[in-house]
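Some notes on the structure that comes next.
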Amino acid sequence: MQQPAQTATMGCMAASDPEPRATRIAALIADPTRSRVLACLLGGEARTAGELAHAAGITARAVGSLLAELQQAGLVWRRPQGRHAYFVLADAELARALRHAGLAAASDPVAARWQRPTVTPLKHARRCYGHLAGELGVAQLHMLLARGHLAESQAGFTLTPTGQQWLATLRLAHPPARGRLAYRCLDWSERQDHLAGTLASALLDHYLEQGWLRADPDSRALHTTRAGEALLLPMFEV
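Just so you know, we're using the numbering used here here: the sequence shown kicks off at 83 and counts up by one.
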């Protein structure tokens, strides 16, 4: 999972430590409990301390001490989100190093519960405070970043010139100035970031107006139409 700009700072701090990072990684994953916690984060999804404790088979107190140790070592990043705090691996380089050391991503109940037929429509796409969330919401942000349509700073995202051109091809006016234009929002099913802000709300309104998505009358789920399968999913590279 691509992390916000703050993550890079942590990685730089860890890299300045006198002890080589590879040595610290090898020492930390030698412990089976640490390995189980890191394996739960290796898939790129954020997890709460309670979820990691359950997956690793340890107490909440034990996982708190372990996570503090991993944070101190520069391997794990704590991300506050509303009333909760989530933990993710510090960066993609660390994930590659862990895989190279033989660690494999572990499945856990958080991911498994989203496979139930009753909730899979919400997992695919849904409203989140007026913007697109779920698998399609995460895919949208990945696409916008991969194509250089957004530039990120500590305050959030700004539209690049190519992003403005992309909006023009959609025949979508620039979002209104009120509120924050664009920023990361942690997706509660995917545990990766989707796009929030006035830009995200304007994009979702556009997809609905074009008939690419259809709102479910009984829930927050959004359904992809045939037109959306032909035009929206290829744009998101889904």
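Where is the CB? At the ideal position from N, CA and C, for every residue including glycine.
Check tryptophan 294 in the structure and name its three-state DSSP category.
-> coil
Tell whether a beta-carbon distance below 7 Å holds between glycine 245 and leucine 232.
-> yes
So what's valine 119 in DSSP terms, helix, strand or just coil?
-> helix
CA-CA distance, histidine 288 and leucine 110?
-> 48 Å
Under 6 Å Cβ to Cβ from arginine 273, same chain only, skipping five residues before and after it: list those, please.
-> Glu127 and Ala128
Given valine 201 as reference, the closest of Glu319, Arg262 and His305 once Cα atoms are compared | His305
Based on Cα-Cα distance, which residue from Phe239, Ala187, Cys210 and Arg209 lies nearest to serine 117?
-> Ala187
Within the same chain, show all residues whose beta-carbon is closer than 6 Å to that of valine 145, passing over the 5 residues directly before and after it, in chain order.
-> Ala131, Leu134 and Ala135
Quick one: is glycine 184 buried, meaning 16 or more other Cβ sit within 10 Å of its Cβ, or exposed?
-> exposed
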